[in-house]
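S.K.: Residue numbers (the working numbering), protein chains in the order written: chain Z, 1 to 405; chain F, 406 to 692.
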Amino acid sequence: MIIRGDEPEQIGLLRKLYPEGNYFMQGDEAIAYGALFAGCRFYAGYPITPASEIAETMARELPKLKGYYIQMEDEIGSLAAVVGASWTGLKSMTATSGPGFSLMQENLGYAIMTETPLVLVDVQRSGPSTGQATKGAQGDFFQARWGTHGDHPIIAISPTSVEDSFWETIRAFNLSEKFRIPVILLADGIIGHTREQIRIPDPEEVELVYRKLPANEEEAKYPFGDVHGDLIPPMPLFGNGYFTHVTGSTHKENGLRDVYTPEVHDRLVRRLHKKIEVHEKEIQKWEEYYTDDAEILLVSWGVSARPSLGAVIEARKRGIKAGLIVPKTVHPFPGKRIKELSKNAHVILVPEMNLGQMILEVQRFVRDEVPLIGVNKIGGVPLTVEEILKEIESSAERSRHRSAD
Amino acid sequence: MAKQIYTKYKMAKYLRKEALPTALCPGCGGGTVLNAFANAIDQLKIDPRDLVVVSGIGCSAWIASPYFLADTLHTTHGRAIAFATGVKVGLPDKKVVVISGDGDLAGIGGNHLIHAARRNIDITVILVNNFIYGMTGGQVAPTTPFGAITTTTPYRNIEHPLNISETVASAGASYVARWTTFHVYQLIESIKKALSVKGFSLVEVVSQCPVQFGRRNKMKTPAEMLRWFSKNSVPLSKAKNMSPEELEGKIIIGEFVNREKPEFAEELNKLIDEVAQHYALGGEDAD
Ligand SMILES: Cc1ncc(C[n+]2csc(CCOP(=O)(O)OP(=O)(O)O)c2C)c(N)n1
Ligand code: SF4
């Protein structure tokens, strides 16, 4: 188990097992290695395409690092075991895809309500239902945000390449530990199964974050209390004699259930939200390309972000002022920045592999006057540079006509 | 008032006083189960700091979580054993106990129950079988006797009850016993054994829910239900020589299995030690 103080030994082991250098691997494998470098030492899961390679890699590599792999009887049990392990102090994760992600929703809500750090990887595949089991998609944008019931915050991260999958998985663990919240890694089957060259860093290059523990018995009495004024309660781990009570029901700061007092529920759920809102700057991350003078703004994420960038570069070559913003943290959504960028934009394009999901989030932040156009493709084949470029060109054409009127 | 009564109770030191009084109905078998569990812990001199108690959702799930003073994890409906699996792997040296109802553990959670038994992970499960979904208002459960009246079988139950202990025994558990809340001393002994056995152990406690089950099935009071348990219980040894017809409607009590076999958390740690040792000593690299 990797805990604070274990780093020197762990660094030595990681260096020996995965020496710094270039490797050729799949996105799924990069996620698994990212998790290992982030300190994940517990994995429970259930096989599903296109996420199974994460389980297979973890099953092979975790024991080398004294970590635990369990194949559970289903996805419900998998996330349950991950929550249980997290309360013993292990950095824990599971990985799944569409149908499995649906099964995990109830326990995801439990993890949110009990402020349990963990990483849940959803390697998105085509749906609804079993859909095209082996094909990638980007259809779980809102399932990640609103899949479980009730008012709740969430953090979801989406990587754009194999190497990015490695680093974003580490970031997912760090945010989860820091803010005591489950973090969803919204990967996708296309990057998950694509092989690319990635650089495995020296473990010392990787910054690790650990959950805050109670400083003394007094703090441990309030496992859900804002004892430090930063809205993030220290987490009294099981097995330390604190007699901690953890429940998914509405609870007071001491953990005991109170489902009748409106103020208790209001106070708890609002703190959960506020904890993420207040720290939004630290949580949000996005990339921008050619946005300074962009008249045609693209907003794209995950697997669609790369052909989008390709299309923007091509458009620039043709004298079209196109630019791109790629939200890496997709929830909470970097709407404020998009709002700023939209002020100069004549049109906004949102390429994604679904029939229009992130576009709704963009819509909430931009002026009604700016035309908002989805570039959507389903069927399991990624968007191409040409397809996106065509949309950029016809948008450029339309806005030229409009300014000529 | 209630708090004062509880503080006089001999096992009060094991209870979370600020959570008292319990939410269980007067006469509920859950109190007997809590008492038996506390006595077993006391007799074995287990430090509650070495205990993690996990439960699902339902009246029976509340028996120890929140009332027992230990680390307690009150989880989603049916999933307690899966949560407990993660806890046991993280804390292999602690006693991990699951206390929950028949609907929770054998209905919605039946899959986890069977697979934890198959894995033989060292978790002690105290399954409170009250033949009914008590908390949600007395609906039919997978354990409701054939012919019984419930709020969702108002004419009579036409399904056959699941024999939980037999199922878990054949799934591969190390220890399985069944008692009723009438057999308190045997129950305490069995809980003690279950806590001491290394491997998956199940103690099924047939318990009275006079409010949701008894009332609709001609046993209004807790005493009537206990009398029914006492009259209808047949020890395993005797049951072996009885025909299925004779056993119809009877509660078979006793120890179903008590055997040694490799335990999951220990095997997992052995495996990890071997693999880690191999690679630390210069075994081939990963890629
Ligand atoms: C997923 C889900 N389904 C249904 C429920 C509603 N529910 C709460 S308790 C319960 C039944 C509990 O029955 P049992 O385990 O037999 O416990 P008892 O109350 O009889 O002790 C149900 C169905 C729930 N909380 N979660
Ligand atoms: S409803 Fe039944 S099981 Fe629930 S507390 Fe009351 S008597 Fe006990």
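No residue lacks a Cβ here, since even glycine has one placed at the ideal position from N, Cα and C.
1) Using the C-alpha atoms, what's the distance from Val545 (chain F) back to Ser575 (chain F)?
2) Taking buried to mean at least 16 other C-beta atoms within 10 Å of its own C-beta, is Ser129 (chain Z) buried or exposed?
3) I need the DSSP call for Ile513 (chain F), collapsed to helix, strand or coil.
4) For Val227 (chain Z), decide whether its Cβ has a neighbour in chain F, counting only Cβ atoms nearer than 9 Å.
5) Taking all protein chains shown into account, do 16 or more other C-beta atoms lie within 10 angstroms of the C-beta of Ala521 (chain F), making it buried, or fewer, making it exposed?
6) So, are the CB atoms of Phe42 (chain Z) and Met93 (chain Z) less than 9 Å apart?
7) Is the stretch 353 to 361 of chain Z in contact with the stretch 385 to 392 of chain Z, if contact means three or more CB pairs nearer than 8 Å?
8) Under 8 Å by Cβ, that's how I've got Glu106 (chain Z) and Thr556 (chain F) pegged, so tell me the actual separation to the nearest angstrom.
9) So, for Thr88 (chain Z): in the same chain, excluding its five sequence neighbours on each side, which residues have a beta-carbon less than 7 Å away from its beta-carbon?
10) Sorted by chain position, which residues of the same chain lie with C-beta nearer than 8 Å to Ser399 (chain Z)'s C-beta, five sequence neighbours on each side aside?
11) Report all residues from its chain with a CB closer than 7 Å to the CB of Asp692 (chain F); omit the five preceding and five following residues, and keep chain order.
12) Suppose you measure from the CA of Arg367 (chain Z) to the CA of Ser342 (chain Z); what does that come to, to the nearest Å?
13) Inspect the CB distances between the stretch 72 to 79 of chain Z and the stretch 127 to 146 of chain Z and report whether three or more fall short of 8 Å.
14) Using C-beta distances below 7 Å, list every residue in its chain close to Ala644 (chain F), excluding the 5 sequence neighbours before and after it, in chain order.
15) Between the stretch 632 to 651 of chain F and the stretch 559 to 573 of chain F, can you find at least three pairs of beta-carbon atoms closer than 8 Å?
16) Step through the CB atoms of chain Z and report whether any lies within less than 9 Å of the CB of Asn646 (chain F).
17) Please list, in chain order, all residues of the same chain as His152 (chain Z) whose beta carbon is under 8 Å from its beta carbon, the five residues on each side excluded.
18) Which residue's Cα is closest to the Cα of Thr427 (chain F): Z:Leu256, Z:Ala85 and Z:Gln197?
19) What in chain Z is Cβ-close to Ala489 (chain F), meaning under 8 Å?
20) Are the C-beta atoms of Met1 (chain Z) and some chain F residue less than 9 Å apart?
21) So does Ala441 (chain F) have its beta carbon nearer than 8 Å to some heavy atom of ligand 1?
22) With a threshold of 8 Å (Cβ to nearest heavy atom), would Gln448 (chain F) be considered close to ligand 1?
23) When every heavy atom of ligand 1 is checked, does at least one fall within less than 8 Å of the C-beta of Ser505 (chain F)?
24) Specify the secondary structure class of Trp301 (chain Z) as computed by DSSP and reduced to three states.
25) Please check if any C-beta of chain Z sits within less than 9 Å of the C-beta of Lys499 (chain F).
26) Answer yes or no: the CB of Asn254 (chain Z) versus the heavy atoms of ligand 2, is any distance below 8 Å?
27) How long is the line joining the alpha carbons of Met1 (chain Z) and Gly67 (chain Z), rounded to whole angstroms?
28) For Ala441 (chain F), which option in F:Cys464, F:Val457, F:Ile462 and F:Phe473 has the closest C-alpha, if you only look at C-alpha atoms?
29) To the nearest angstrom, report how far apart Leu607 (chain F) and Arg620 (chain F) are at their CA atoms.
30) How would you write the range of the beta strand (DSSP E) that Glu287 (chain Z) sits in, first residue to last?
31) Got a sec: is the Cβ-Cβ distance from Thr474 (chain F) to anything in chain Z below 9 Å?
32) Helix, strand or coil for Asp266 (chain Z)? Go by DSSP, reduced to three states.
33) Taking the continuous beta strand (DSSP E) assigned at Arg195 (chain Z), which residues delimit it?
34) Please name the residue, chosen from F:Leu600, F:Phe536 and F:Lys623, that lies closest to Cys464 (chain F) on a Cα-to-Cα basis.
35) Return yes when the C-beta of Gln544 (chain F) is under 8 Å from any heavy atom of ligand 4, and no when it is not.
36) Beta-carbon within less than 7 Å of Arg484 (chain F)'s beta-carbon, same chain only, minus the 5 sequence neighbours each way: which residues are those?
M.R.: Judging by the given coordinates:
1) If you number the second sequence from 1, residue 575 (chain F) lands on position 170. If you number the second sequence from 1, residue 545 (chain F) lands on position 140. C-alpha separation (whole angstroms): 25 Å.
2) Counting from 1 along the first sequence, the entry for residue 129 (chain Z) is found at position 129. Exposed, because fewer than 16 other Cβ atoms sit within 10 Å of the Cβ of Ser129 (chain Z).
3) Here residue 513 (chain F) refers to the residue found at position 108 of the second sequence. Under the three-state reduction of DSSP output, Ile513 (chain F) falls in the helix class.
4) Position 227 of the first sequence, counting from 1, holds the residue named residue 227 (chain Z). For Val227 (chain Z), the answer is no, since every Cβ of chain F falls outside 9 Å of its Cβ.
5) For this step, residue 521 (chain F) is matched to residue 116 along the second sequence. Looking at its Cβ environment, which holds 16 or more other Cβ atoms inside 10 Å, Ala521 (chain F) is buried.
6) Looking up residue 42 (chain Z) in the first sequence gives position 42. Looking up residue 93 (chain Z) in the first sequence gives position 93. Yes.
7) no
8) As a first step, residue 106 (chain Z) is located in the first sequence; it is residue number 106 there, counting from the start. As a first step, residue 556 (chain F) is located in the second sequence; it is residue number 151 there, counting from the start. About 24 Å separates the two Cβ atoms, so there is no contact after all.
9) Taking the first residue of the first sequence as position 1, residue 88 (chain Z) is located at position 88. Cβ within range, chain order: Leu237, Phe238 and Gly239.
10) As a first step, residue 399 (chain Z) is located in the first sequence; it is residue number 399 there, counting from the start. Answer for Ser399 (chain Z): Glu295, Ile296, His346 and Val347, listed in chain order.
11) Numbered from 1 along the second sequence, position 287 holds the residue referred to as residue 692 (chain F). Legend: pLDDT at Asp692 (chain F) = 45, less than 50; position of this residue unreliable, no value from coordinates given.
12) Here residue 367 (chain Z) is taken as the residue at index 367 of the first sequence, counted from 1. Here residue 342 (chain Z) is taken as the residue at index 342 of the first sequence, counted from 1. Each residue's alpha carbon lies about 8 Å from the other.
13) no
14) Working through the second sequence from its first residue, we reach residue 644 (chain F) at position 239. Result list for Ala644 (chain F): Leu652 and Ile657, in chain order.
15) no
16) As a position in the second sequence, residue 646 (chain F) is number 241, starting the count at 1. Cβ-Cβ to chain Z under 9 Å: no for Asn646 (chain F).
17) Position 152 of the first sequence holds residue 152 (chain Z). Taken in chain order, the residues that qualify are Gly109, Ile112, Met113, Val269, Leu272 and His273.
18) Looking up residue 427 (chain F) in the second sequence gives position 22. Selected option, being the one with the closest Cα: Z:Leu256.
19) Mapped onto the second sequence, residue 489 (chain F) falls at position 84. Residues of chain Z passing the Cβ test: Gly84.
20) Here residue 1 (chain Z) refers to the residue found at position 1 when the first sequence is read from its first residue. Confidence is the limiting factor: at Met1 (chain Z) the pLDDT is only 44, short of 50, which leaves the residue's position unreliable, though a coordinate-based value still follows. It does; some Cβ of chain F falls within 9 Å.
21) Mapped onto the second sequence, residue 441 (chain F) falls at position 36. Not so, every heavy atom of ligand 1 lies at least 8 Å from the Cβ.
22) Looking up residue 448 (chain F) in the second sequence gives position 43. Not under cutoff, so the answer is no.
23) Your numbering for residue 505 (chain F) matches position 100 in the second sequence. It does: the Cβ of Ser505 (chain F) is within 8 Å (strictly closer) of some heavy atom of ligand 1.
24) By one-based count along the first sequence, residue 301 (chain Z) stands at place 301. In this structure, Trp301 (chain Z) counts as coil in the three-state DSSP scheme.
25) Position 94 of the second sequence, counted from the start, is the residue given in the question as residue 499 (chain F). Yes - at least one Cβ of chain Z is within 9 Å of the one on Lys499 (chain F).
26) Taking the first sequence and counting its residues from 1, the one referred to as residue 254 (chain Z) is at position 254. False, no ligand heavy atom lies under 8 Å from that Cβ.
27) As a first step, residue 1 (chain Z) is located in the first sequence; it is residue number 1 there, counting from the start. As a first step, residue 67 (chain Z) is located in the first sequence; it is residue number 67 there, counting from the start. With a pLDDT of 44 at Met1 (chain Z), under the threshold of 50, the modelled position of this residue cannot be trusted; read the value that follows with caution. Cα to Cα, the separation comes out at about 6 Å.
28) Stepping through the second sequence from its first residue, residue 441 (chain F) is reached at position 36. Closest option to Ala441 (chain F), Cα to Cα, is F:Phe473.
29) Mapped onto the second sequence, residue 607 (chain F) falls at position 202. Mapped onto the second sequence, residue 620 (chain F) falls at position 215. Roughly 28 Å separates the two Cα atoms.
30) Translated into the one-based positions of the first sequence, residue 287 (chain Z) becomes position 287. It spans Trp286 to Tyr289 - the beta strand (DSSP E) in which Glu287 (chain Z) sits, taken as one unbroken run.
31) Taking the first residue of the second sequence as 1, we reach residue 474 (chain F) at position 69. Correcting the residue identity first, residue 474 (chain F) is Leu in this sequence and not Thr. Judged by the 9 Å Cβ criterion, Leu474 (chain F) is in contact with chain Z.
32) Position 266 of the first sequence, counted from the start, is the residue given in the question as residue 266 (chain Z). Helix, per DSSP.
33) As a first step, residue 195 (chain Z) is located in the first sequence; it is residue number 195 there, counting from the start. Arg195 to Ile200 is the extent of the beta strand (DSSP E) around Arg195 (chain Z).
34) Locating residue 464 (chain F) in the second sequence gives position 59, counting from the first residue. Of the candidates F:Leu600, F:Phe536 and F:Lys623, the one whose C-alpha sits nearest the C-alpha of Cys464 (chain F) is F:Phe536.
35) Absence of ligand 4 is noted for the structure shown, with ligand 1 and ligand 2 being the only ligands found.
36) Within the second sequence, the letter at position 79 stands for residue 484 (chain F). Cβ-Cβ distances below 7 Å link Arg484 (chain F) to Gly461, Gly514 and His517 in the same chain, with the five nearest sequence neighbours on each side left out; the list follows chain order.
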